[in-house]
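Here my numbering is used: the first residue of the sequence shown is 2, the next is one more, and so on.
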Amino acid sequence: MGSFSTYSFPEAKSIVVCGDIHGDFNAVLYKLCYQYQMTDTVLIIAGDCGFGFDKPGYYDNVYNRNSSRLSKANNWVVMIRGNHDDPAYFQEERIHHERFRCIPDYSVIQACGHNILCVGGAVSIDRDYRKKHDSRHLLSGVASYWTDEMPVYDKEKLDSICQELKIDTVITHTAPSFCELILKDGLTEWAELDPDIPADCAKERETMDQIHSHLKSAGHPVSHWYYGHFHQSWNSEIDGILFSMLDIMEFKEIL
């Protein structure tokens, strides 16, 4: 459990974080390479990429269609898992092209002088609906809900990272409990279908609190923390860290 993976991009000149894309790979690559004409850039997608909703060959085809534009612009796309992703794609690095890859939880991306800790996972508040959908489509070979979607606090991996690196930036799918969104109003109707939702959502946020506390107590110089999941934008400095919530397909550069 203690070992962790690092991914280095020595040629990169900029790093951009993106919010949820929900399977819209072509749109996000168009935005990166054509609309914004970015070059020499590492784009990190903060979960809910959309892996598992289509058969495996689909994702390789997406890369094959876009590989030349990524190479020409000298861009890379790195993806962390959300709750709307099959965790196996990330744990097993099933997508591992040079310029388009999934990475496991507790990976560290090294680029532009930054050490960036990446941790995925969250709760699907609509999981009752998703479970019923999947049960009706058992033979399709694809799914929309995975039981191991929650984030995990891995003390051993964090301790290993602490021995070797100093983390200055964190990218997660969800956020610590003291960050927006804090109001729980949206959970009420889902809790009527799935009474465990409020407690599981609280546990999800507590896991992020544990990661935050661990990094702080170990003296990591964390200055920025980015996340998606909530489909809104919000920025606030809390206790010396600038927290940024990214909306769907929203780009924000790591400076």
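The beta carbon of each residue, even a glycine, is placed where N, CA and C say it ideally should be. If you're wondering where the values come from, they're calculated on a predicted model, not measured in any experiment.
- Alpha-carbon to alpha-carbon, His215 and Val124: Counted from its first residue, the sequence shown places residue 124 at position 123. Counted from its first residue, the sequence shown places residue 215 at position 214. A straight line joining the alpha-carbon of Val124 with that of His215 spans about 22 Å.
- For the beta strand (DSSP E) containing Leu118, list its first residue and its last residue. Indexing the sequence shown from 1 puts residue 118 at position 117. Residues 115 to 120.
- Task: Return helix, strand or coil for Glu238, following the three-state DSSP convention.
- Result: Counting from 1 along the sequence shown, the entry for residue 238 is found at position 237. Looking at Glu238 - three-state DSSP - the assignment turns out to be strand.
- Query: If you draw a straight line from the C-alpha of Asp61 to the C-alpha of Pro199, how long is it?
  - Reply: The residue labelled residue 61 in the question sits at position 60 within the sequence shown. The residue labelled residue 199 in the question sits at position 198 within the sequence shown. Each residue's Cα considered, the two are about 37 Å apart.
- Whose C-beta lies closer than 8 Å to the C-beta of Met39 among residues of the same chain, with five residues either side of it excluded? The count along the sequence shown starts at 1 and reaches residue 39 at position 38. Contacts found: Ser15, Val17, Leu33, Ala74, Asn76.
- Going by other Cβ atoms of all chains shown within 10 Å of its Cβ, with 16 needed for buried, is Ser245 buried or exposed? Walking along the sequence shown from the start, residue 245 turns up at place 244. Buried, by the Cβ-count rule.
- Closest Cα partner of Ile168 within the set Ala219, Val29, His230: Position 167 of the sequence shown, counted from the first residue, corresponds to residue 168. Ranking Ala219, Val29, His230 by Cα distance to Ile168 puts Ala219 first.
- What whole-angstrom Cβ distance do Asp25 and His230 have, given they're in contact under 8 Å? One-based indexing of the sequence shown puts residue 25 at position 24. One-based indexing of the sequence shown puts residue 230 at position 229. So it is not a contact: roughly 16 Å between Cβ atoms.
- Count the C-beta pairs between the stretch 84 to 98 and the stretch 153 to 166 that are closer than 8 Å, then say yes if the count reaches three, no if not. Segments in contact, no.
- Which full runs of the alpha helix (DSSP H) of 4+ residues lie inside the stretch 28 to 99, going along the chain? The qualifying runs are 57 to 74, 89 to 92.
- Message: Can you check whether the C-beta of Val78 is within less than 7 Å of a C-beta belonging to chain B?
- Response: This model lacks chain B altogether; it includes just one protein chain.
- Query: Between the stretch 114 to 128 and the stretch 42 to 57, do at least 3 Cβ pairs fall closer than 8 Å?
  - Reply: In short, these stretches touch, since the Cβ pair count reaches three.
- Member of Tyr154, Asn27, Val143, Arg137 whose CA lies at the smallest distance from the CA of Asp210: The count along the sequence shown starts at 1 and reaches residue 210 at position 209. Ranking the options by Cα distance to Asp210, first place goes to Tyr154.
- Query: Considering Ala176, what are the terminal residues of the alpha helix (DSSP H) in which it resides?
  - Reply: For this step, residue 176 is matched to residue 175 along the sequence shown. Looking at the DSSP string, Ala176 is not in any alpha helix (DSSP H), and its letter there is neither H nor E.
- Message: My output table needs one value for Ser218: the three-state DSSP class, helix, strand or coil.
- Response: Here residue 218 corresponds to residue number 217 of the sequence shown, with the count starting at 1. In this structure, Ser218 counts as helix in the three-state DSSP scheme.
- C-beta atoms of Tyr8 and Ile110 nearer than 7 Å: For the purposes of this step, residue 8 is taken as residue 7 along the sequence shown, with counting starting at 1. For the purposes of this step, residue 110 is taken as residue 109 along the sequence shown, with counting starting at 1. A contact, by the Cβ cut-off of 7 Å.
- Message: Would Lys185 and Tyr107 qualify as a contact pair, given that the criterion is a beta-carbon distance under 7 Å?
- Response: Here residue 185 is taken as the residue at index 184 of the sequence shown, counted from 1. Here residue 107 is taken as the residue at index 106 of the sequence shown, counted from 1. Result no, Cβ atoms of Lys185 and Tyr107 do not sit closer than 7 Å.
- Task: Check whether the Cβ atoms of Pro177 and His213 sit closer than 7 Å, and answer yes or no.
- Result: The sequence position of residue 177 within the sequence shown is 176, counting from 1. The sequence position of residue 213 within the sequence shown is 212, counting from 1. Yes. Within cutoff.
- Does the separation of the CB atoms of Ile104 and Val79 fall below 7 Å? Against the sequence shown, residue 104 aligns to sequence position 103. Against the sequence shown, residue 79 aligns to sequence position 78. Taking the C-beta atoms as reference points, Val79 is found nearer than 7 Å to Ile104.
- Backbone secondary structure at Ser9 - three-state DSSP: As a position in the sequence shown, residue 9 is number 8, starting the count at 1. In the three-state DSSP reduction, Ser9 falls in the strand class (E or B).
- How is Lys132 classed by DSSP in three states: helix, strand or coil? For the purposes of this step, residue 132 is taken as residue 131 along the sequence shown, with counting starting at 1. Look at Lys132 here: in three-state DSSP terms it is helix.
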